[in-house]
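Trainee: This is the structure I have questions about; it appears just below.
In the numbering used here, the protein residues as written are 6 to 326.
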């Protein structure tokens, strides 16, 4: 067989194989039950006591039934073109998408810290854009020792507007999380944003269309909000979600942020209302378990924690009607 004919044969054979695989995948998809939701079950290792390891997270996600993975930003910043192409190929092979990366900007402190971290932000965003990451998230401290509410509000609006501009230049959305527990703000002189309504005000003041919510079931519960509050949002308003449950026999205004439970563990948080509200508004992003301080994950192996978190997340997803 001459070289030209050989290339033609290989090209035709490859096309046939791809078509066959596509047809098989389409047939399997046709037989599978249609999902009632658009969001994904995302693996974020660090918050569940599992090492943040770029070389293992794909395998863990596949083994334990996750749909998405947290971007391992250290790896993405250093990966060669070939390494990144191989990594993205593995993700595609297993049908995995990206979760949200953390925002590496000191926007709460002194001007020098903010300005210094802003100088490195474009390069960080470029490495995420190169990998196809489109979501970044952070949280707001719900109080301040010296700044009044309005002074702190103006500071956050100005700085986060600048942050969002850089992210927008790289096709990245920014999700902001309010912190709901009363116990997280009572010891500082001035309260700050700790409800959905207040966060809406800040997002409006920032005035960038790539800024929305990192919405957390724990903070929704501890802010004593309702399903109606969730339904006041559009799917496009939410960049990412955290799922948790709360300890039993603790009044809501005494709940402490570092003492959470895996979702659907106690039933204190109305996860059914939360999950179905996210379906109704059309949220299509990653959902992450964030059981900070959960006793059921302490002193256990990575495999045990992955299995426990996967099972809890699947219980929450099964609540979708």
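Ideal Cβ placement from N, Cα and C applies to all residues, glycine included.
None of the values given here were measured: they were computed from a predicted structure.
Which word fits residue 184, buried or exposed, when buried means at least 16 other C-beta atoms lie within 10 angstroms of its C-beta?
Mentor: With 16 or more other Cβ atoms within 10 Å, it is buried.
Trainee: Does DSSP put residue 231 in a helix, in a strand, or in coil?
Mentor: Coil.
Trainee: Measure the alpha-carbon distance for residue 42 versus residue 116 and round it to whole angstroms.
Mentor: Rounded to the nearest angstrom, the two C-alpha atoms are 42 angstroms apart.
Trainee: Determine the burial state of residue 128: buried for a count of at least 16 other Cβ atoms within 10 Å of its Cβ, exposed for fewer.
Mentor: Counting Cβ neighbours within 10 Å, residue 128 comes out exposed, since fewer than 16 surround it.
Trainee: Measuring straight from C-alpha to C-alpha, what distance separates residue 310 and residue 113?
Mentor: About 33 angstroms.
Trainee: Between the C-alpha atoms of residue 303 and residue 265, what's the straight-line distance to the nearest angstrom?
Mentor: About 12 angstroms.
Trainee: If I measure Cβ to Cβ from residue 204 and keep anything under 7 angstroms in the same chain, skipping five residues before and after, which residues do I get?
Mentor: Contacts found: 181, 183, 198, 218.
Trainee: Between which two residues does the alpha helix (DSSP H) holding residue 329 run?
Mentor: In the structure as shown, the chain begins at 6 and stops at 326. Residue 329 is therefore absent and cannot be evaluated.
Trainee: Determine contact between the stretch 151-158 and the stretch 224-233, defined as no fewer than three beta-carbon pairs at a distance below 8 angstroms.
Mentor: Cβ pair count under 8 angstroms is below three, so no.
Trainee: Check for me: the beta strand (DSSP E) holding residue 124 runs from which residue to which?
Mentor: It is not in any beta strand (DSSP E) - residue 124 instead sits in the alpha helix (DSSP H) that spans 116-136.
Trainee: Can you find at least 3 beta carbon pairs, one from the stretch 62-77 and one from the stretch 92-106, that sit closer than 8 angstroms?
Mentor: Judged by Cβ distances under 8 angstroms, the stretch 62-77 makes contact with the stretch 92-106, as three or more pairs qualify.
Trainee: Hey, how far is the Cα of residue 279 from the Cα of residue 142?
Mentor: Between residue 279 and residue 142, the C-alpha separation is close to 20 angstroms.
Trainee: Express the C-alpha separation of residue 225 and residue 214 in angstroms, rounding to a whole number.
Mentor: The alpha-carbon atoms of residue 214 and residue 225 are separated by roughly 23 angstroms.
Trainee: Could you compute how far the alpha carbon of residue 172 sits from the alpha carbon of residue 179?
Mentor: The alpha-carbon atoms of residue 172 and residue 179 are separated by roughly 7 angstroms.
Trainee: Between residue 211 and residue 169, what straight-line distance do the alpha-carbon atoms span, to the nearest angstrom?
Mentor: Taking the straight line from one Cα to the other gives about 8 angstroms.
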